Each structure stands twice: as C-alpha cells, then as structure tokens.
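First residue of the sequence shown: 17, per the working numbering; consecutive thereafter. Where is the CB? At the ideal position from N, CA and C, for every residue including glycine. Keep in mind that this is a model prediction, so the values were computed, not measured.
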Amino acid sequence: MSGVLPDRQFAEKKGVIRFVNARIVTPQGVIENGTCEAIDGWIVSVSPSGGEDGEEAGEAYGGSGQGQAAAGGIEASAKRDAADIVAAADSAQQHAESGGSAIQAAKAGTPNGSSAVDAGTVRVIDAHGGWLLPGFVDIHVHGGMGEDFMDAGKPGVLDTIAKFHGSHGSTSMLATTMTATREMIDGVLEAVWAYRLKGEMPGASIEGVHLEGPFISPQWPGAQNPEHISEPRTDWLEDWEARFPGLIRQLTLAPEREGALDVIAWLRANGITAALGHTDASYEEVLAAVEAGLNHAVHTFNAMTPLHHRKPGTAGAVLGCDGIVAEVIADGIHVHPGAVKLLAKVKTDGNLVLVTDAMSAAGLGDGDYFLGDLPVVVKDGVALTQGGALAGSRLTMAEGFRFLVREAGLSVERASDAASGAPARQAGISETTGSIEPGKRADFVLMDASLNLRGVWAEGRKIG
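Next up, the structure:
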C-alpha cells in the first residue's frame, strides 16, 4: 500500500458552534469572558465578546433563514452574525474552487465551502466562566478499555481506544507500539494506515504512529519484551516510510547503541521526531545524539540512567539541554510530584509534554492485562510486569492536566501548552490543531472553574 497520508475527515459537518462566557486559552494569553466560533469543524473567530445567554450543546436553531431560536439569547446572536457567517462561507467556497488547501479555506471561513447558516444549525454552549482549552494531544499512549494498539488489526480496537481517550479530553493521539518483531510492527502500521484511509474517526483522531522501540537498550527494557530488542535499522525505517509515507511521527530509541546516530539523522531528515528512551546513555552520549538531531525524551526519569552530581546520565542531559523536549507521565506514580515540579522549572520554553503512557487497563479496574505480549497485573491502580517493572499507566489526559495544575503548580496556560501545544508541535500537526486560533480545527476541551471536564469536541463534533 502506498500514497500520501490522508487528512483526517469526519462525515460532513454542518452548522456553527459558538462558546460564550468562556475563559479561552490562546497562544496570546487567556481571553476572559470570551467567545469562540467554529464553522463546519474549523475555528473562524476568537474574541473577548462574551456575555450571551446560551444552552448546552443540543440547543440549536434552524439556519434556513427563519432565524428561530430554541433558547433565549440565541436568536439575537444568530441574526447579528448570520451575514458574517455567510460571507465567510462564500469566501471559503471561492478558496475551494480555486484549489486552495483545507487550511487556507478554513482561515477564510469553512473548508468545504458550504454555507453553515443555509444548511445547518448554530449551537451555543455557555461555559459559565469555565475554561475553553485546545483539545489534548497524547503522543504516547498504548491503549485503553481493555484494548492495545499492538492489536490494531482486530475489529473495533482502534475505535475503542480512540473513543475512550476522546471522552477524557484527547482529540488527537499517536498510536504507540511496543518493542516487537518487525512483522508485528508491520501489522500495526497496516491497520492504522487503513483506519486513516477510511476517513471518519468517531473519537480522538489517530494522527499517526509512535514507535517505542524496538531499538532500545537491553539494560533498560522496562515493560518492553527484551526478546524483541533490535539493533537500530535504517533499512526497516526506509521500508516503512516508503509503504506508509508520513505515518510514523516519532521513534523512541537508545541513542548509545551502534548505528543509532545514523538512524537519528535519518529520522530528522524525514521529519520524524527522534526520541530517547529505555536507554543506558551517558550524559555525553545524549549530547552527541542531540547534535545528530535527537530532540525528545519519552517518560522522563523512567527507564533511563538517573541524575548523579558526578555522573549526570540521561536524566541530567534531559534536564540540562534546552533542545530536548521532555515527556512526563503526571500520575503521581511514575514520577514524584516534586520531580515533576523540578522538570517544569527547567522546561519553561514550550518543551514540556504531558503524556499518559496509558495501557489497556485505562478506564478499567484492577486485574490481569497484557501490554503488547507481556502479562501485566494492575493492583491498587498500579500496573506492574511479572518482574516488577512499571508497565504504563491508567492515566487520562484530563487527569494528567489536573495533576500538573494542582500538584505541580503549573498555571492553566502552561499546563495547556504541555497537554496540547507542545505535543502537537512535536508530532508535526500544529498547523491544524494544538491551539485555539482561527484556521485551526475545532478541537476543544471545556472544563469548569474547578477543572472538572464538561465536554470534548473534535472537529466541532462532541465526543465526550
């Protein structure tokens, strides 16, 4: 199978979604009492003009020109903005007819050029002073609700994982593999490629694949199966990229292994994030890898050589190198809150990334599970291999976001960048998602003032 990786496409969306009375987190700062509007799944305006009365999603008026409101306050808003919406749609239509891209069309109005007012509805959601955040982007997640991405070829697996994490704030994710045989990884790539070609995704958008291994260190396998560890192989990557162009977004490897620097250089040349993880690298070996193009660290502090004042190790290099973007599993189990605070203090330039590293047990209780082909026991909420190694988490992005704010002391704005902006940049999807601004996808998380989840929208469709 070959071709260009397709853009994500939901079933045709009609109508306008408008959030009012919201504290909107944008790249320029927080807009208090703001309004955000999207047409056909794309953001068209963000403004400090809240104050309208509205209802939860579902209250709508027919946009066929009758202008009849289903709830108080909507009719006046619709009449005031109808001309602007139609003008935006007409501008988008001209873009579409002239061959403009979806993003260009979105910035002009609506990507498919349809008139939302003529064909659909306006839905007004009153945030009641709560937080409107960009949808969360989880670039390191293995599964949930009993399913594992390593079983992606089985019916329903991808939908189940995407729906579960979508309902907890993730609007985009990278299907993350385990250290496995080439044939097993082939199967995941085939399945995710076919899933994206299918078009509609009912939950979070699976934007591509994060290969965690198999080019890792035998000294630090963690919950990876050591039987499948391989020396770095550029030829494997060349084959996968030729067959599934653009699908692999990130690869995690041990940079000290023979041939790793060549693989890192190849990854960067092909627009793929080169990440360290499950590594025995020294401080100096990490710096050499950064020179070759490495710029990311998976689950910082876990499965890597620790910090010592005379031997900084991998952790010391991650902390000290501004060019390394650092993931953190903010569940209070993998990393102590004090260490999360330390990491946040040194990763202040948009280079902190929240991940879940969630496994199949996410959303379920204690019991016996598998992570890839390794048996895992979850007891008291902690997942361990039979050898006692931590084996992923049961975390969701919404829970991790709250942890960053409540336990690590990050502002909502910084936590939002760690959960959305920074991972979108690392995954190469920041042109379309990861922030709230005109021209981006209508991917939103709505939380109340206490950071309780009130709703999740992906491309303007409510998924949680």
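Cβ neighbours of residue i in the same chain (closer than 7 Å, five flanking residues each side left out)
i	result
Glu-72	Model confidence at Glu-72 stands at a pLDDT of 42, short of 50, so the residue's coordinates are unreliable; what they give is reported in the following sentence. Excluding positions up to five away in sequence, the list reads Ile-141.
Thr-401	Ala-239, Leu-390, Val-392 and Ala-407
Ala-465	Gly-145 and Gly-146
Trp-236	His-294, Thr-295, Asp-296, Ala-319 and Met-320
Leu-379	Looking at the sequence provided, one finds Gly at residue 379 rather than Leu. Here the set comprises Gly-160, Met-161 and Phe-180.
Met-200	Met-166
Thr-192	His-156, Val-157, His-158, Phe-165, His-226 and Glu-228
Ala-360	Leu-368, Ala-424 and Leu-426
Gly-287	Gly-444
Gly-332	Tyr-299 and Leu-323
Proximity of residue i and residue j at Cβ, strictly below 8 Å
i	j	result
Val-334	Leu-368	no
Phe-152	Ser-186	yes
Ile-264	Gly-293	no
Met-189	Gly-388	no
Ala-342	Val-356	no
Pro-353	Ile-155	no
Thr-289	Asn-311	yes
Leu-148	Leu-469	no
Arg-34	Arg-139	yes
Thr-449	Asp-459	yes
Trp-282	Leu-253	yes
Pro-271	Glu-301	yes
Pro-527	Leu-269	The structure shown does not extend to residue 527, since the chain spans only 17 to 480, so no value can be given for it.
Ser-221	Ala-474	yes
Gly-366	Gly-437	yes
Val-36	Ala-178	no
Sequence-distant residues of its chain with Cβ nearer than 8 Å to residue i (five each side left out)
i	result
Ser-183	Gly-219, Val-472, Ile-479 and Gly-480
Tyr-385	Gly-162, Met-375, Ser-376, Ala-377, Pro-391, Val-392, Val-393, Val-394 and Ala-399
Thr-42	Val-62, Ser-451, Ile-452 and Glu-453
Leu-205	Val-225, Trp-256, Arg-259, Phe-260, Leu-263 and Ile-264
Ser-409	Ile-345, Asp-347, Ile-349, His-350, Thr-372, Asp-373, Ala-374, Met-375, Ala-378 and Ala-399
Ser-446	Gly-437 and Ala-440
Gly-397	Ile-349, Asp-382 and Arg-410
Sequence-distant residues of the same chain with beta carbon closer than 6 Å to residue i, five excluded per side
i	result
Gly-50	Ala-38, Ile-40, Pro-64 and Gly-66
Gly-74	Any answer about Gly-74 is weak, because its pLDDT of 33 lies below 50 and its placement is not dependable; what the coordinates show is given next. The answer is none, since no qualifying residue turns up.
Thr-197	His-244
Pro-328	Tyr-299
Gly-203	Gly-169
Ala-431	Phe-417, Leu-420 and Val-421
Lys-363	Ala-342
Gly-476	Lys-29, Ile-33, Ala-54, Gly-57 and Ala-458
Thr-176	Met-161 and Glu-163
Residue i in three-state terms, based on DSSP
i	result
Pro-353	helix
Met-463	strand
Asp-384	strand
Leu-21	Since pLDDT at Leu-21 reaches only 46, below the 50 mark, its modelled position is unreliable, and the value read off the structure follows with that caveat. If DSSP states are grouped into helix, strand and coil, Leu-21 belongs with coil.
Leu-323	coil
Asn-37	strand
Lys-361	helix
Gln-240	coil
Arg-273	coil
Thr-197	coil
Ser-409	strand
Thr-187	strand
Lys-179	helix
Leu-148	strand
Ser-432	helix
Ala-290	strand
Trp-473	strand
Asp-167	helix
Val-204	helix
Gln-266	strand
Arg-249	coil
Pro-439	helix
Ile-47	strand
Assumed close pair residue i, residue j - CB separation to whole angstroms, cut-off 8 Å
i	j	result
Ala-207	Gly-169	4 Å
Gly-372	Leu-411	Checking the sequence shown, residue 372 turns out to be Thr, not Gly. At roughly 4 Å, the Cβ-Cβ gap stays under 8 Å, so Thr-372 and Leu-411 are in contact.
Gly-339	Val-314	Not really, about 16 Å apart at Cβ, beyond 8 Å.
Leu-5	Tyr-211	The structure shown does not extend to residue 5, since the chain is modelled only from 17 through 480, so no value can be given for it.
Gly-348	Phe-419	6 Å
Gly-309	Arg-284	3 Å
Glu-429	Val-46	6 Å
Met-413	Ala-435	6 Å
Cys-498	Leu-303	The structure shown does not extend to residue 498, since the chain is modelled only from 17 through 480, so no value can be given for it.
Cutoff 8 Å: residue i Cβ touching any chain C Cβ
i	result
Asp-464	The structure shown contains no chain C; it holds only a single protein chain.
* Asked: Taking one C-beta from the segment 415-432 and one from the segment 269-281 each time, how about it: are there three or more such pairs within less than 8 Å?
  -> no
* Asked: Are three or more beta carbon pairs between the segment 230-250 and the segment 291-308 nearer than 8 Å?
  -> yes
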